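**Q** In mature numbering (1 follows the signal peptide of the UniProt record, and there is no 0), the protein residues as written are -18 to -1, 1 to 356.
The structure under discussion is supplied below as structure tokens; questions concerning it will follow.
This is the structure:
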């Protein structure tokens, strides 16, 4: 049965003063990391939703483009049909097209004076038996005992060279990634991070294909067993998960399911996976508990638990205040000791002087008597 997914992504500003004004969504077979992976010839619908209110006149400047060319007008309109639609009270500028080759689509606001509005861009990759380029094997089931994963792409047409993408990120040769001119890709000592979708694309983006490397859901970092946070502050717990098909993540608090209440507790994406980060706002002492992330897909599951401790805002000062107190007490003790020692020395010196005066007094009297007798 063909699975239908809903793709959402936000394009954040690419420069300091950019304004991310559009959100792209769409129904496609396979998606991950802001890319669409469709079967060759499959009809794809994409929706560009403004994040701000636009008037009827302003809507005229919203465009779907490929390489800067508006595909909704003129001869380019044969690529796809564009129209405004309203769904659940939200208006979007839609485009419907057939995925017959790899392409990069942008949703832009093409109006002078609005150059600081960032465009939203999405890449479409094609695959399937009817695709002019073949990537094989079509599926790879990753096993932790595998020493290498080998993928290859070929076509009957003459193409100079290919580029490989992993989850929409361009791969570059390294110790673990070997890319050959004939279109072969070899991954050395693969881990769960290497699962996902690999796309082979001609340099000019004329043809391309993709293959799925499937594997169980695996949490990559389980070293953190506890986390300290201050009362009233915001805590984030991330659950970095790898695996394909895309894992499903749920969070538990002391074995009870947590829900996204859009209030103090909510979830955000982590590495492109929904609910991968747990956010706790304005923490209270009642938030002290064990929190468990459970990730699963059809190949397996994984989990890890973190104990959150909520401390008073002054808690971090107590050790410092303790040290300061010890130093002050030590200084007072030294001062008292020195004062007593000085006083004792002064008394000893006074007694010594008095003793000397007592000893020298008779000698003076005898001298006076001798002088009188003489």
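Every residue gets a Cβ at the ideal spot worked out from N, C-alpha and C, and that includes glycine.
None of these values were measured; they are calculated from a predicted model.
In the DSSP output, which residue or residues are listed as bridge partners for residue 79?
**A** By one-based count along the chain shown, residue 79 stands at place 97. Answer is 26, 62, bridged to residue 79.
**Q** Tell me the residue span of the beta strand (DSSP E) that contains residue 39.
**A** One-based indexing of the chain shown puts residue 39 at position 57. No beta strand (DSSP E) holds residue 39; the alpha helix (DSSP H) holding it covers 38 to 41.
**Q** What is the C-beta distance between residue 74 and residue 30, in whole angstroms, given that I count them as a contact (C-beta under 8 Å)?
**A** Residue mapping note: residue 74 aligns to position 92 of the chain shown, counting from 1. Residue mapping note: residue 30 aligns to position 48 of the chain shown, counting from 1. Contact holds; Cβ gap of about 6 Å.
**Q** Give the straight-line distance between the Cα atoms of residue 101 and residue 55, rounded to the nearest whole angstrom.
**A** Your numbering for residue 101 matches position 119 in the chain shown. Your numbering for residue 55 matches position 73 in the chain shown. So the alpha carbons of these two residues sit roughly 19 Å apart.
**Q** Under a Cβ-count criterion, where at least 16 other Cβ atoms within 10 Å of its own Cβ denotes burial, should residue 84 be classed as buried or exposed?
**A** The residue labelled residue 84 in the question sits at position 102 within the chain shown. Buried, by the Cβ-count rule.
**Q** Alpha carbon to alpha carbon, what distance is there between residue 315 and residue 250?
**A** Numbered from its first residue, the chain shown carries residue 250 at position 268. Numbered from its first residue, the chain shown carries residue 315 at position 333. The straight-line gap from Cα to Cα measures roughly 56 Å.
**Q** Determine the DSSP secondary structure at residue 264, reduced to helix, strand or coil.
**A** Within the chain shown, numbered from 1, the residue matching residue 264 stands at position 282. Note: residue 264 maps to coil in three-state DSSP.
**Q** Anyone know if the C-beta pair for residue 22 and residue 179 falls short of 7 Å?
**A** Here residue 22 refers to the residue found at position 40 of the chain shown. Here residue 179 refers to the residue found at position 197 of the chain shown. Contact: no.
**Q** Confirm, please, whether the CB-CB distance from residue 209 to residue 292 is below 7 Å.
**A** Along the chain shown, read from residue 1 onward, the residue named residue 292 stands at position 310. Along the chain shown, read from residue 1 onward, the residue named residue 209 stands at position 227. Taking 7 Å as the Cβ cut-off, residue 292 and residue 209 do not qualify as a contacting pair.
**Q** Under three-state DSSP, which class holds residue 326?
**A** In the chain shown, the residue the question calls residue 326 occupies position 344. Looking at residue 326 - three-state DSSP - the assignment turns out to be helix.
**Q** Going by the CB atoms, is the gap between residue 160 and residue 133 shorter than 7 Å?
**A** The sequence position of residue 133 within the chain shown is 151, counting from 1. The sequence position of residue 160 within the chain shown is 178, counting from 1. Going by C-beta atoms, residue 133 is not nearer than 7 Å to residue 160.
**Q** Rounded to whole angstroms, what's the CA-CA distance from residue 120 to residue 108? Just pull it up for me.
**A** Taking the first residue of the chain shown as 1, we reach residue 120 at position 138. Taking the first residue of the chain shown as 1, we reach residue 108 at position 126. Roughly 13 Å separates the two Cα atoms.
**Q** DSSP state of residue 206, grouped into three classes?
**A** Numbered from 1 along the chain shown, position 224 holds the residue referred to as residue 206. Here residue 206 sits in coil by DSSP.
**Q** Indicate the three-state DSSP secondary structure (helix, strand or coil) for residue 176 in the structure shown.
**A** Here residue 176 refers to the residue found at position 194 of the chain shown. Reduced to three states, the DSSP call for residue 176 is helix.
**Q** Can you tell me which residues form a DSSP beta bridge with residue 217?
**A** Within the chain shown, the letter at position 235 stands for residue 217. According to DSSP, residue 217 bridges with 262.
**Q** For residue 296, count neighbouring C-beta atoms within 10 Å of its own C-beta (all shown protein chains included) and say buried if the count is 16 or more, exposed if not.
**A** Here residue 296 refers to the residue found at position 314 when the chain shown is read from its first residue. Exposed: under 16 other Cβ atoms inside 10 Å.
**Q** With C-beta atoms as the reference, is residue 254 less than 7 Å away from residue 231?
**A** Position 272 of the chain shown, counted from the first residue, corresponds to residue 254. Position 249 of the chain shown, counted from the first residue, corresponds to residue 231. No, the pair does not count as a contact, with Cβ atoms beyond the cut-off.
**Q** Hey, could you find the ends of the beta strand (DSSP E) residue 122 is sitting in?
**A** Here residue 122 is taken as the residue at index 140 of the chain shown, counted from 1. 121 to 123 is the span of the beta strand (DSSP E), which, as asked, contains residue 122.
**Q** Taking all protein chains shown into account, do 16 or more other C-beta atoms lie within 10 angstroms of the C-beta of residue 266, making it buried, or fewer, making it exposed?
**A** Your numbering for residue 266 matches position 284 in the chain shown. Its Cβ having fewer than 16 others within 10 Å, residue 266 is exposed.
**Q** Along the chain, where does the beta strand (DSSP E) containing residue 46 start, and where does it finish?
**A** Within the chain shown, the letter at position 64 stands for residue 46. 44 to 48 is the extent of the beta strand (DSSP E) around residue 46.
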